[in-house]
Structure formats: structure tokens, C-alpha cells
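Residue numbers (my numbering), protein chains in the order written: chain V, 3 to 403; chain C, 3 to 403.
Below: one structure, written as C-alpha cells.
There are 2 protein chains.
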Amino acid sequence: MRPIAQTLLYDDAMRLVMDAGHPIDRAERIALTDADGRVVAADVTATVDVPPFDRAAMDGYAVVAADTFGASTQSPKTVVCVDRVFTGQMPARGIGAGECIEIATGAPMPSGADAVVMVEETDRAGDQVRVMTPVYPQQHVGRRAADIAIGQAVVKAGHVLNPSRIGAIAATGSLDINVYARPSVAILSTGNEIAEPGQPLAPGQIYDINRFTLETIVRRHGGAGVALPITADSVEELSAALDAALVHDIIVFSGGSSVGERDLILDVLHRRGTVHFHGIALKPGKPTVFGTIEGKPIFGMPGYPTSCLSNAYMLLVPFLRKVARLPSWRPLTVEAPLTRRVVSTTGRHQFYTVRLVDGNAEPAFKASGDITSMANADGYIEIPAQTDVVEAGTIVIVKLF
Amino acid sequence: MRPIAQTLLYDDAMRLVMDAGHPIDRAERIALTDADGRVVAADVTATVDVPPFDRAAMDGYAVVAADTFGASTQSPKTVVCVDRVFTGQMPARGIGAGECIEIATGAPMPSGADAVVMVEETDRAGDQVRVMTPVYPQQHVGRRAADIAIGQAVVKAGHVLNPSRIGAIAATGSLDINVYARPSVAILSTGNEIAEPGQPLAPGQIYDINRFTLETIVRRHGGAGVALPITADSVEELSAALDAALVHDIIVFSGGSSVGERDLILDVLHRRGTVHFHGIALKPGKPTVFGTIEGKPIFGMPGYPTSCLSNAYMLLVPFLRKVARLPSWRPLTVEAPLTRRVVSTTGRHQFYTVRLVDGNAEPAFKASGDITSMANADGYIEIPAQTDVVEAGTIVIVKLF
């Protein structure tokens, strides 16, 4: 057995991890309706004006603004309605002084008209429209290209898409968009004891958990998780699994990185690539390996479900978001007093799960082998390596899952 | 034309909207790998213990704890290693006093052993293992069912799934899960002027935006948006579109709810169902209709893209999340000083978009017809109806898109 001789401080480990991550260059064209949360790969430049014509911004009457000057409720100005124009139509005619055209919001302005009087400010009898309030030129008119002009960048490379940005792209007539590919993340659960859910367990076996937690968190943070088959504990099987995994952008093993004689991932990494570190001053999650093979980043996560997933939060998420070109993760947080004292004398940076109960943060951590340490928690607090005790009543910042 | 006679206060409108929303009862069974963010429809009860056996929590030696009492570096206790057991194996034999079995993390405990000595605390020569530190009974042992016991609820109805909860379900051997269905939301853009992106525009036409913004926001908040074909401005077409839409849980029209003579959605609602309100003291988004037909909630959003989408944030999202059984939306927020004075004298609750520039909140609002009012913003502030002015320098809470 090979004990971990020396652990790296979390911040130092994080630096090594981030240095190994390079923003993805691969792009793909996808449907706008699937583009929420994706990162724009190239500026989208408008090829049409939005709107493509001057249009009414209110329901009312298209007028010559000067005809309304001096109008008031006491002494309205009267103009003659000569036509009407609905949205989706082109006006059949223009207007001159003393005339107006009834117009619906969004309809193209008739020539000669330079403002719209709101219907609420008018009173109509036959074709006589009495205007109670003056309008200035261009009032209640949406100018051609006021929203987006031809040649203007609607979204820029690096923008993360959201509802309104997707709307802006649709406004220019596009149905698809070039975005950066989601980094593909090969997920490999290793261990002779690991069995696929959905089948009965043999003696000594347990169900795979890490594949499911990792796939879910990877998807949340801009990656495309690809679960590869469970790999048994042999150098040959691991090495073959690695060959299949190397087509992906990021490779995440779980299991096999502890200090047992079967530290096979470490062996494979040493033989085929570079080990950047083995062992972090992090709790849980100490027996973590990180390296590169053929330029591909390889994470060797602990097999324990809570250690594996907390390491995903602490190491993989920042890395993955960098590669995916997403901004740093900003979790939702809650500040709450801790219900009881937490002692953390290990000298390791601690990921500590809590439950929110009546506005208090109640420790929820059981053991790093227990997925319920996290599944029954609402979030986690971080306790720096140099902090030994967090007293009951301390206001802690809970990062919500 | 029918002006909006009276607008409802935003809070009052919101109350009417929320009262019309009923948490969905329909459930469906889906793959665990697609279940992130979904709402559990029935308690999941474990049918296996996790772990299914007592197991080593550390790499080391399974021992009789009493054999180690009094051990120290100066005077180690020596036990004889009689076998080894790897993970995924059952122990071939048990141990008695004075014996130990080399054991890997996760491997089943041999009978007779009641603790594990960590490898770091030992020194081995041949089959002689010198133990430097005593262990107490059950130390470094993961007890059978310590994580999850048969009969225990792994997740409960109403829980929102996340990575660790999905992991906990996998731990019990399930590959799928009963969740509440996503409310299906029919999205109908109406208006003679509205054209589908991807095709050239005819004169007087503009591209549909609302279908894309609504579909995206609906998906973000637990719904399944279903875009129906663009509907022209006639009672017959709208009524036919409504018939097709009524198979869905929620119906959202955009366009056609302003005060023009073509207030057809209002007509259809009056004729076939109940109008709960028409007109809200909200800016943008005043000409909004809400009603029910055959028990189905119908939103008539303004056609203007920013009004439509801001109304989706202000009215549809809280409603949809209630129906989807999701907790209230907690947007990410940033507090920042406003770069310039914003005047809001309309007596309406205002949704006002801002850009974050160097830590300041810079007004980004152009016009409610302009999607770039939102697409070029980072989020929005809310200005209550009774607030007339927000001075430059005021710290505002920006809700991020």
C-alpha cells in the first residue's frame, strides 16, 4: 500500500487544475429553441432592421404632429380620418395636413404622418377625430431600426444565451445559432464492487452512485456527461477504458485513487501521462488524483459518493465552467446561524453539509461514504484549513445545492 | 376601440393569478439521468440496505479492536495477517484474537473483526503487522444500512431533485423515478404582422420573438413549452387555435390584448370563459388579460417583446412554478448603485432593465417594443407604483436574467 505522503493545499491544487483547463474552441450550430444557457461562438450580426419600418407604438391615429399643437380637452384639434391601417398591412395611402389615419400598434406609419395620438386622447364622431392632447414629432412612433439596425451585433461571442438574447436573435430572422460545444466529460466508475442500478446485487457489491451524481452536475455546469461502462480494478481494463475515454474533452474516474494497493488510476497516469497531484488537504476528498494524458485532463475522484460529489463541486465545476467558457459559478446562498459547534481540526479545507431548519443551519454530515450526507442536506459551508472550530451560533454562508 | 378603463394593482392581479393556479397532479416515470430539477411525485422507499454489509471505511487491517488497546509508536501491538480481502469480494474467512485481515476501503468486514486500523498507523513485516494506534470497536467501519436502511424514504414527494438526491436513488438500485409532469404551456403568437423566423419578411411583417422568449423562460421554470402556429387576427382563427391549445395545462397568447379594435383574445375569453382582469398597473405590460376557459388559465400577453417577456417574469413565472410544484423563484441578485436618476411617475409597478458596468447599475431600458431593452441588459430592478423617482447613486437590487 502507498500512503499519500503529502497533501496539497486546496488553493494550490485548484491553481494546478485551472491551469490545465483551456476554453473550448469547438463550435456547433444548434436550434435557437435549444440554446438557453449556451455560449455564443461568433457575433451574430443583424441582416435586417428591427423593426423593418417606422410603426405605431400605440393604438390611435397617425397624424401630422403640427396639426395637434395647442390641443386640449377644452379646445381639441379636429382632424379628418381618411383611412385605417392594421398591423400586417401596408398603408394604402399617406396623409396631408388636417388628415389622420386610424392605426393599430405595430402597423407601418403612413407617409406624411410623423406621430401617433393615443386613442385615449381622442374622441371620434364619424370621420371627425378630436385630439385632446398635442403630440410632438415622432411621439408614439417606433422608428425603423430603433431596436436593432442592419450590421449591428445582436449577441456577441462569449455571451451566455438567455430568454431575451434568444428573442433578439429570433428578431433578426434566425432560427439557429453558432455556440461553443459543451465539453464532453467521460465518466468512469471503477471498482470490482460497483454494480449498475437496475440489476440485483451480487454479494460484496454496491450500486453505482457516482456516475449519476457526476452526470447530473456536469450537465448543470455546461458539460455533456458521457457515462462509460463500469471498469474493474485491473491495469488492463483501466487502460482500455482510458483509450475509449480519450476521445472526450475531460475524463473523470471515480474510485481507485485511494491508498490501497489497487491505486491503478495513479499507475496508469504515471505510465501514460503526467500526475499533477495526488492528495489534497480537502475533507472529504483527500485521495484525489489529477493529471493529464495526451493533453486531456484526468480527474481521479475518490470512490465514496460524498467525497466524489463534493470534489465535483470543489474542483470539477470551476474547471468545467472555464473549459465551457461559462462565468464562475455563483451558487444561491443563505446566511444562517449554525445550530451546533463544528470541530474541524484536520488541517484540511472542509466541505461541510448542512440542512436549513427554521432559518438555522443544522449540520447534516454523516460520513463521506454516505450519499445521504448530501441528499438530506440543503447545501454546504466551507471551513478553511486553518479554522479549527466554528462555534454554535456563528452566521455561516450556506451554498445551496 | 376600447380603452382599458381601469388597471388592477400588480399585487391584486398577482393574487388573482395565483388563486387560479393548482399544483399539477399528473405524474410520469422518467429515467434518473433526466430527472435533475424535477419534482418527486411519491416517496421513494429503499428496498435494500446501503451499504448492504458492514464494510471497511479505510484501507488497512480488519482487527479485533481489543487487540489494539494500549498500542503506541513506542510499543506497538502486533497481530498476524491471515488473509486479504478486496472490494467486490466476500471474505474467505473470519478472524480471531491476535489476527487481522488486510482490507481495502469498501470491502466487506470479515466475521470476528470489529474495527479497521488505517494502513498509515501500521508497519508490516511479512505476516506480522505492528499497530501503532489503538482503535475502538466500529472505528473505520461503515455499518450495514448506515447510509440508507430498508424501508427508509430516500427522497420524499415534493422534493426537487438535484445531483445528490439522484445519487441517493441510484444507491438503492433504481434507474427511474416518479416525478410530477411538467405543466405543458401552449404558446401562441398572434397577429397578422407576425412571421416565422427562417423565412423572408413580407412588407409590414416582423419576425416572431415572443414564441422564443416564452418557450425559453417556460423551460427554465419547470414547464414544457409547446409553440403552436402563429394565429392571424380573426375571432375564428383565434377560437380554433384555442381549441387546439386547451389540451395543454396553461395557455399563453401574445399580441391581441391591447386596446385596438382587434382585442380578439378578450372577445374570445368573454365569450367562452371568464375574464379575471384586463389591464394591470404594471410597466411595461399594462394591456395584459388573464382569464380561464374550461378551468384552463389563459394569459393574454402584450405583443411587444419586452412587455411580453417582462410579464412572463412578473406573472407567468410565479404561476408556473406553483403549478409545477417548484419553490418560488429566487433569482441571483446583485446590489449596485444606479448610475442615473430614473423617473417613474406612471403610478405603475415598473420592471426596469439595467446593465452592470464596473459594479454600477446602468439603465438599459429603451422601449417595450425593443427586445434589446432586455437582451442588452443583465437584469432588472422593480420600482413600486408609489415610488416616483429613484435617485442616481441609490443602491438597487438587480435581479439577474
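For each residue, glycine too, the CB sits at the ideal point set by N, CA and C.
Cβ neighbours of residue i in the same chain (closer than 7 Å, five flanking residues each side left out)
{"i": "Gly153/C", "result": "Thr47, Ala48"}
{"i": "Thr9/V", "result": "Gly281, Ile282, Ala283, Lys288"}
{"i": "Asp69/C", "result": "Lys79, Val81, Ala99, Gly100"}
{"i": "Ile171/V", "result": "Leu34, Val46, Val156, Val157, Ile179"}
{"i": "Arg221/V", "result": "Gly227"}
{"i": "Thr124/V", "result": "Gly62, Tyr63, Val131, Arg132, Val133, Met134"}
Beta-carbon separation (whole angstroms), residue i vs residue j, contact threshold 8 Å
{"i": "Arg81/C", "j": "Val133/C", "result": "Rather than Arg, the amino acid found at residue 81/C in this sequence is Val. Rounded, the Cβ-Cβ distance is 6 Å, consistent with contact."}
{"i": "Val84/V", "j": "Met111/V", "result": "Not a contact, Cβ separation roughly 14 Å."}
{"i": "Ala369/V", "j": "Ala59/C", "result": "7 Å"}
{"i": "Leu334/V", "j": "Leu402/V", "result": "5 Å"}
{"i": "Ala394/V", "j": "Arg343/V", "result": "5 Å"}
{"i": "Ile189/C", "j": "Val254/C", "result": "5 Å"}
{"i": "Val391/C", "j": "Ala363/C", "result": "No, Val391/C and Ala363/C are not in contact; Cβ-Cβ is about 15 Å, not under 8 Å."}
{"i": "Thr192/C", "j": "Glu195/V", "result": "Not confirmed; about 59 Å, so no contact."}
{"i": "Val97/V", "j": "Gly108/V", "result": "It is worth fixing the name first, because residue 97/V is Ile in this sequence and not Val. Their Cβ separation, rounded to whole angstroms, is 18 Å, which puts Ile97/V and Gly108/V out of contact at 8 Å."}
{"i": "Pro365/C", "j": "Tyr354/C", "result": "7 Å"}
Inter-residue spacing [alpha-carbon to alpha-carbon] between residue i and residue j
{"i": "Val308/V", "j": "Ser74/C", "result": "According to the sequence as given, residue 308/V is Thr; it is not Val. The alpha-carbon atoms of Thr308/V and Ser74/C are separated by roughly 32 Å."}
{"i": "Leu216/V", "j": "Thr374/V", "result": "16 Å"}
{"i": "Ala229/V", "j": "Arg213/V", "result": "6 Å"}
{"i": "Ser166/V", "j": "Gln91/V", "result": "27 Å"}
{"i": "Gly72/C", "j": "Pro78/C", "result": "8 Å"}
{"i": "Gly349/C", "j": "Pro386/C", "result": "8 Å"}
{"i": "Ala427/V", "j": "Val50/V", "result": "Outside the shown range of chain V (3 to 403) lies residue 427/V, about which nothing can therefore be said."}
{"i": "Val356/C", "j": "Asp178/C", "result": "42 Å"}
{"i": "Ala37/C", "j": "His223/V", "result": "15 Å"}
{"i": "Pro231/V", "j": "Lys158/V", "result": "39 Å"}
{"i": "Ser241/C", "j": "Phe292/C", "result": "16 Å"}
{"i": "Ala151/V", "j": "Thr174/V", "result": "10 Å"}
{"i": "Ala204/C", "j": "Pro54/V", "result": "10 Å"}
{"i": "Val345/C", "j": "Ile168/V", "result": "29 Å"}
{"i": "Asp265/V", "j": "Ile211/V", "result": "20 Å"}
{"i": "Gly404/V", "j": "Val270/V", "result": "Outside the displayed range of chain V (3 to 403) lies residue 404/V, so it cannot be described from this structure."}
{"i": "Met3/V", "j": "Tyr306/V", "result": "Annotation note: pLDDT 44 at Met3/V (below 50); position unreliable, no value reported."}
{"i": "Tyr182/V", "j": "Gly225/V", "result": "11 Å"}
{"i": "Val52/C", "j": "Lys298/V", "result": "34 Å"}
{"i": "Thr218/V", "j": "Ser176/C", "result": "16 Å"}
{"i": "Glu239/V", "j": "His272/V", "result": "16 Å"}
{"i": "Gly268/C", "j": "Arg332/C", "result": "It should be pointed out that residue 268/C corresponds to Leu in this sequence rather than to Gly. For Leu268/C and Arg332/C, the distance between alpha carbons rounds to 32 Å."}
{"i": "Pro93/C", "j": "Ala127/C", "result": "22 Å"}
{"i": "Ala367/C", "j": "Gln388/V", "result": "Rather than Ala, the amino acid found at residue 367/C in this sequence is Phe. If I take the Cα positions, the gap works out to 47 Å."}
{"i": "Glu122/V", "j": "Phe279/C", "result": "19 Å"}
{"i": "Ile103/V", "j": "Asp129/V", "result": "10 Å"}
Neighbourhood of residue i by C-beta distance below 6 Å, restricted to the same chain and skipping five residues each side
{"i": "Asp251/V", "result": "Pro185, Ser186"}
{"i": "Ile397/V", "result": "Glu337, Pro339"}
{"i": "Arg274/V", "result": "Ile295"}
{"i": "Arg95/V", "result": "Asp85"}
{"i": "Arg40/C", "result": "Leu163, Val181"}
{"i": "Gln352/V", "result": "Lys285, Ser346, Ile385"}
Close Cβ partners of residue i (< 8 Å) along its chain, the five nearest in sequence each way excluded
{"i": "Pro304/C", "result": "Ser256, Gly257, Ser259, Ser260, Pro286, Gly287, Lys288, Pro289, Thr290, Cys310, Asn313, Ser370"}
{"i": "Asp56/C", "result": "Pro110, Met111, Val143, Gly144, Arg145, Arg146"}
{"i": "Ala29/V", "result": "Ala43, Ala44, Asn180, Val181, Tyr182, Ala183"}
Mind the definition here: the region 132 to 140 of chain V touches the region 16 to 24 of chain V only if three or more C-beta pairs lie below 8 Å; say whether that holds. Result no; under three Cβ-Cβ pairs closer than 8 Å.
Taking only runs that begin and end inside the region 176 to 225 of chain V, name each unbroken beta strand (DSSP E) of 3 or more residues, in chain order. 178 to 182, 186 to 191
Give, in chain order, every unbroken run of the alpha helix (DSSP H) that is at least 4 residues long and sits entirely within the region 241 to 288 of chain C. 266 to 274
Under 8 Å: do the region 111 to 122 of chain C and the region 60 to 78 of chain C share three or more Cβ pairs, one atom per stretch? yes
If we require 3 or more residues per run, which beta strand (DSSP E) segments fall completely within the region 10 to 46 of chain V? 29 to 33
May I ask you to verify whether the region 373 to 393 of chain V touches the region 231 to 249 of chain C, counting CB pairs closer than 8 Å and requiring at least 3? no
Please go through the region 275 to 357 of chain C and give each complete alpha helix (DSSP H) segment of 4 or more residues, from N-terminal end onward. 307 to 313, 319 to 326
Count the C-beta pairs between the region 323 to 332 of chain V and the region 25 to 43 of chain V that are closer than 8 Å, then say yes if the count reaches three, no if not. Yes, since at least three Cβ pairs between the region 323 to 332 of chain V and the region 25 to 43 of chain V fall closer than 8 Å, the two stretches touch.
If you pair each beta-carbon of the region 333 to 341 of chain C with each one of the region 194 to 213 of chain C, do three or more pairs fall below 8 Å? no
Using 8 Å as the Cβ pair cut-off and three pairs as the minimum, do the region 306 to 323 of chain C and the region 34 to 53 of chain C touch? no
Which runs of the alpha helix (DSSP H) spanning at least 4 residues fall entirely within the region 362 to 401 of chain C, listed in chain order? 374 to 377
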